[in-house]
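Be aware that the sequence shown starts at 902, since it is given in the numbering used here, and climbs by one per residue.
C-beta atoms are modelled at their ideal positions from N, C-alpha and C, and glycine is treated no differently.
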Amino acid sequence: MKITFYGHASLGIEVGGKHIIVDPFITGNPQASEIDINTLKADYILLTHAHGDHVLDVEAIAKNTDAVIVSNAEITSYYATLGFKAHPMNHGGSWKFDFGKVKYVNAIHSSSFPNGSYGGNPGGFVIEGEHKNIYIAGDTALSMDMKLIPMRTKLDLAILPIGNNFTMDVEDAIIASDFLECDKILGYHFDTFGYIEINHDEAIRKFFDKGKDLMLLKIGESIEL
Ligand code: NI
Ligand code: MN
């Protein structure tokens, strides 16, 4: 499984021979100006919630790629009405796709589209690939529900928001990684706006002091699991 960071909460995942884009917000992020969304491959687009900083480039990428949009039922019906392919899910449900199993799990946040349309309840994703399992938290507070995830899935990587203000901060993300029983963390949702700027060295050291590995990728950088 290969994971590429496209800035903010945007990810590319290659798994089981398929390409997945998560929460694309690229053209609106000056820090991601090196990324050309027209070159992105996508068989699926996974959306955690409907906020603009997670869905901005969905329509452009879906038009280019004919990707299937996977999210909660309200978000997928919004895009289905616009003529896009969509696979609706809801909290606690999972589905075996051709690249692996996806479960839509709880997040504590909100979820309206930029135009005010209802975006259902926000979530995160557990992806069980052929060899590795990951959790993408989406925008969320620290939640006791995170303890449920390792009861079903042994995680190899947790992708957690660490920027504070709109989501967990670093200290809460450390507790989240305890709940998730996963010491390998990819941080996201930081530095994009003034509200969520963090000190990278300090964040990495705080995780390190608890015996955990926080990775912060440069935009466009990838890791292989
Ligand atoms: Ni949000
Ligand atoms: Mn956000």
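- Linking Ile1060 to Tyr1036 through their CA atoms gives a straight-line distance of about 6 Å.
- For Asp1040, the Cβ falls inside the 7 Å cut-off from some heavy atom of the ligand MN.
- Counting along the chain, Ala1059 sits inside the beta strand (DSSP E) bounded by residues Leu1058 to Pro1062.
- Where Tyr979 is concerned, there is no enclosing beta strand (DSSP E), although the alpha helix (DSSP H) around it starts and stops at Ala974 to Thr982.
- In the assembly as shown, Ile938 is a buried residue. Its beta-carbon has 16 or more other beta-carbons within 10 Å.
- With a threshold of 7 Å, the Cβ atom of His909 does not count as near the ligand NI, since no heavy atom of the ligand is closer than that.
- In the three-state reduction of the DSSP assignment, Ile946 falls in the strand class.
- Exclusion of Phe1091 from the 7 Å shell around the ligand NI follows from its C-beta lying no nearer than that to any non-hydrogen atom of the ligand.
- Collapsing the DSSP output to three states places Ala987 in a strand.
- If you draw a straight line from the Cα of Ile904 to the Cα of Lys942, it comes to about 13 Å.
- Per DSSP, reduced to three states, the secondary structure at Met1116 is strand.
- Where Thr966 is concerned, the enclosing alpha helix (DSSP H) starts and stops at Val959 to Thr966.
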